[in-house]
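In my numbering, the protein residues as written are 1 to 297.
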C-alpha cells in the first residue's frame with residue numbers, strides 16, 4: 001500500500017503577534033568625510049566668487065592676435081635679378097640692399113637718354129640764337145623747345161629706372177616671405193619679399209556688447225599663447241570706427257532673405273608697455289594668438 005502524502009503547508013511569513021523588524025538605518029557620515037565635503041564646497045565657492053568678481057572688473061576675449069607693419073617689397077621695373085642680398089629672418093636697416101636687378105640695360109638706356117638730351121638742348125640753344133636774327137621761324141623754335149623738354153623728361157625717366165634697379169629696405173625690420181632667387185625674371189607689382197617692423201601691437205576683436213565698457217587708455221593684461229609664462233601689460237589705444245563686417249569684401253545684405261542676428265565684433269587696438277616686452281620683443285611676431293583682459297572698473 002502506498003501511504004497517503006500529507007498535504008504540505010506554506011509557512012507564513014510572520015507569526016501573528018510577532019512585531020516586524022524596522023529597516024536598517026544608514027551609517028552616519030564620518031566627521032572626516034564631512035570636513036572633506038565642506039572643504040570642497042568652500043573651495044568651489046571661492047573659485048566661483050573670484051571668477052564672478054574678475055568678470056565684473058574685466059572684459060576678456062581670446063579673439064585677439066599680434067599684428068604689425070608688414071612692408072611687401074616688389075620691383076618697379078622689369079628685369080633679371082642679379083643678386084639677392086638677404087635671407088629669410090635676417091635683420092635689416094633702412095637703406096640696406098635687398099635685391100639688385102641687372103643694371104646693364106638701364107645703364108645703356110640712361111646713356112642713350114643723356115646723349116639725346118644733350119643734342120636736343122644744343123639744338124634748342126642754336127635755334128634760340130638764330131631766332132634773334134629771324135633766320136628761324138617761331139614754329140621751328142617751338143618745335144626745338146618741345147624736343148628739348150621731351151628729351152629732358154626721357155632722361156629723368158631713365159635715371160629713375162636705373163635707381164629702381166637697386167631695391168633697398170624702406171625701414172628697419174626682419175625679412176620674411178622671400179620668394180625670389182638670382183636669375184629670376186621679375187615684373188612690377190609682384191611681391192618678392194616682406195619686411196616686418198619690430199613694433200608689434202595687439203588687435204583684439206571684442207563683441208559689441210563688450211565694447212560699451214571699453215575706452216581709450218584703459219589698462220590691459222595680455223597673455224600670448226606662445227609665451228604663457230609671462231603676462232604682458234598694455235593699454236587701449238583706439239577702437240575701430242566700424243565693425244569688421246563693414247570692411248568685408250562682400251558684406252552681408254540683411255534686407256534680403258531671412259535675418260539671423262549675429263553678435264558683431266569691433267577691433268580694438270592695444271599697445272604693449274615698453275617695459276613689459278624687454279627680452280621678448282623678438283618673439284612677439286605678427287599672427288600669434290593672445291588672451292586679452294581689459295580692466296573696465
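Where a beta carbon is used, it is the ideal one built from N, C-alpha and C, also for glycine.
- By DSSP's assignment, residue 234 forms a beta bridge with 220 and 272.
- Take residue 288, set aside five residues on each side of it, and the residues of its chain with a beta-carbon closer than 6 Å to its own are 66, 224 and 226, in chain order.
- For residue 207, the uninterrupted beta strand (DSSP E) segment begins and ends at 201-207.
- DSSP places residue 278 outside both helix and strand once states are collapsed to three, so it counts as coil.
- Going by C-alpha positions, residue 221 is about 45 Å away from residue 186.
- Residue 76 carries a coil assignment under DSSP once its states are collapsed to helix, strand and coil.
- Pairing residue 208 with residue 275 gives a Cβ-Cβ distance that is not under 9 Å.
- Counted as a single uninterrupted DSSP element, the beta strand (DSSP E) harbouring residue 289 occupies residues 289-295.
- Two segments are said to touch when three or more pairs of C-beta atoms, one from each, lie closer than 8 Å; by this definition the region 117-136 does not touch the region 176-190.
- Under the 10 Å beta carbon count, residue 206 is surrounded by 16 or more other beta carbons and is classified as buried.
- Counting the other CB atoms within 10 Å of its CB gives residue 132 a total below 16, which places it among the exposed residues.
- Around the beta carbon of residue 72, fewer than 16 other beta carbons sit within 10 angstroms, so the residue counts as exposed.
- Counting only runs of at least 3 residues, the region 108-179 fully encloses the following beta strand (DSSP E) elements, listed from N- to C-terminal order: 166-168 and 173-176.
- For residue 191, the enclosing beta strand (DSSP E) begins and ends at 191-196.
- Around the CB of residue 127, 16 or more other CB atoms lie within 10 Å, so the residue is classed as buried.
- Within the same chain, and ignoring the five residues on either side of residue 244 in sequence, the residues whose Cβ sits closer than 8 Å to its Cβ are 205, 264, 265, 266 and 267.
- A straight-line Cα-Cα distance of about 48 Å links residue 294 and residue 163.
- Comparing alpha carbon positions, the residue from 285, 272, 193 and 260 closest to residue 219 is 272.
- C-alpha of residue 58 to C-alpha of residue 216: approximately 15 Å in a straight line.
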